[in-house]
Amino acid sequence: MLRQILQTFKYSIFPSKCLECGQFFHLTQDKSTGKISVDRMTHDPIETIFHRVMTPFLCQSCLHEFTPVSTPFCTTCGRPFESQSGENHQCGNCIQNKPVCHRIRAAGIYNGALKSIIHALKYKNNVHLARPLGNLLFSSFMTYYDTNRIDTVIPVPLHISRLKKRGFNQAVMLIRQWPSLINQCDANRKIKIKRFIHIDCKNLVRKRKTLSQTGLGKNKRKQNVKGAFAVTDRSKISGKRILLIDDVYTTGSTCNECAKTLIASGAETVSVLTLARTN
Numbered sequence: 001m002l003r004q005i006l007q008t009f010k011y012s013i014f015p016s017k018c019l020e021c022g023q024f025f026h027l028t029q030d031k032s033t034g035k036i037s038v039d040r041m042t043h044d045p046i047e048t049i050f051h052r053v054m055t056p057f058l059c060q061s062c063l064h065e066f067t068p069v070s071t072p073f074c075t076t077c078g079r080p081f082e083s084q085s086g087e088n089h090q091c092g093n094c095i096q097n098k099p100v101c102h103r104i105r106a107a108g109i110y111n112g113a114l115k116s117i118i119h120a121l122k123y124k125n126n127v128h129l130a131r132p133l134g135n136l137l138f139s140s141f142m143t144y145y146d147t148n149r150i151d152t153v154i155p156v157p158l159h160i161s162r163l164k165k166r167g168f169n170q171a172v173m174l175i176r177q178w179p180s181l182i183n184q185c186d187a188n189r190k191i192k193i194k195r196f197i198h199i200d201c202k203n204l205v206r207k208r209k210t211l212s213q214t215g216l217g218k219n220k221r222k223q224n225v226k227g228a229f230a231v232t233d234r235s236k237i238s239g240k241r242i243l244l245i246d247d248v249y250t251t252g253s254t255c256n257e258c259a260k261t262l263i264a265s266g267a268e269t270v271s272v273l274t275l276a277r278t279n
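Here it is in C-alpha cells:
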C-alpha cells in the first residue's frame, strides 16, 4: 500500500517523458502503473492491452499511434492485406510456396509508438519495458493460438558475442514472466489454457556469428543466417509443436532458418509470434 501511495505521489509531481515524441506528460492515479489482470489480458482486444500497459511510457497522442494487425490477413503468414474488406484467407504466396512455419502472428505493425518502444528496449537498455511488452505478447498469444496445440515456447537466440555486448536477449526477456502468467491463467476458471507449456531458452542456439539483419535485403538476410542455428538436445524437440518468439518479423529469414533447424531436429510444427511485423 505504501509503495502504491509513493508511486502515485511520484507520478503526480514528476511528469513522465514520452518514449515516442519526447514530450513530458502527467499520469492520472488509475493509470500510473500500467498493470493489467490476466483476465483482461486474455479477453480484451490487443489494442486495448497496448494502451493499458504502455500508458506510463507514452503520452495520450502517441498511444493512439499503435497499429494492430487487423483483419483481413493471411491465415498462414499473418501478412495484412491491403484491402480492408473481406475475411482472413491464405495469401497467394503461401498457396504457391509451402511455408516453413505453420503459422505466423504479430501484435502490431512495426511503426510509430510500437517501433519506438522496441528500440528503447533493444538499443537504449530500457529493460523495464520487457515486462509490459511481454504482457502484450502474451495477450497476442492467447488471442491467436490454441494453447492446447503448443508444447514448447522457444526464443530466437543471440550469438554469445552479441549477448555479451547487449547484456540480454530481448526475446528471452519478453517471455520471462510467461510461466507466472500461465499459472495465473490456470488458477482462473474463466480462462482455458494448457497448463504445462514448456519455456525452453537454452536448446536452440546460434552457433555462428552473423551480421545484423538491419539494412540487408531479403536475399542477403537469408544467406546471412543460413546454417547459423543448432539444437543441443533433439529429444526435447522431437514431436513437439513449437512456438518461436522474436521481437520483430521482417522478411522472415531468421525465423525460417530457426524453423528449418527445429524441424530437422524432429519438431512436428513451428509457429511464430512477434511483437511487431513490417507491413
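Per our numbering: the sequence shown = residues 1 to 279. Just so you know, even glycine gets a beta-carbon here, dropped at the ideal spot from N, CA and C.
With a threshold of 16 other beta carbon atoms within 10 Å, residue 78 meets it and is buried. The beta carbon of residue 100 lies closer than 8 Å to those of 256, 259, 260, 263, 270 in the same chain, with the five residues before and after it left out. Each residue's CA atom was taken as its position, placing residue 170 and residue 246 some 8 Å apart. With respect to the 9 Å criterion, residue 229 and residue 157 are classified as neighbours on the basis of their beta carbons. In this structure, the CA atom of residue 135 is about 12 Å from the CA atom of residue 143. In this chain, the alpha helix (DSSP H) harbouring residue 123 covers 112-123.
Between residue 236 and the set 206, 210, 249, 198, the nearest pair of CA atoms involves 198.
In the three-state DSSP reduction, residue 192 falls in the coil class, being neither helix nor strand. A straight-line Cα-Cα distance of about 12 Å links residue 278 and residue 81. Within the same chain, 110, 213, 221, 277, 278 come within 8 Å of residue 250 by CB-CB distance, once the 5 residues on both sides are set aside.
Membership of residue 246 in the beta strand (DSSP E) is indicated by the continuous run 241-249.
Cβ-Cβ distances below 7 Å link residue 241 to 149, 150, 151, 268, 269 in the same chain, with the five nearest sequence neighbours on each side left out; the list follows chain order.
DSSP places residue 229 in the uninterrupted beta strand (DSSP E) bounded by 229-231.
Beta-bridge analysis with DSSP links residue 73 to 80. A contact between stretches requires three or more CB pairs, one per stretch, nearer than 8 Å, and the stretch 50-69 meets this requirement with the stretch 123-139. In the DSSP secondary-structure assignment, residue 147 is not bridged to any residue. Short of 6 Å from the beta carbon of residue 159, and not among the five residues preceding or following it, lie these beta carbons of its own chain, in chain order: 206, 209. The beta carbons of residue 253 and residue 231 sit about 19 Å from each other, so the pair does not count as a contact at 8 Å. Taken through DSSP and simplified to helix, strand or coil, residue 128 comes out as helix. When DSSP states are grouped into helix, strand and coil, residue 156 belongs to the coil group. In this structure, the straight-line span from the alpha carbon of residue 203 to that of residue 137 is close to 21 Å.
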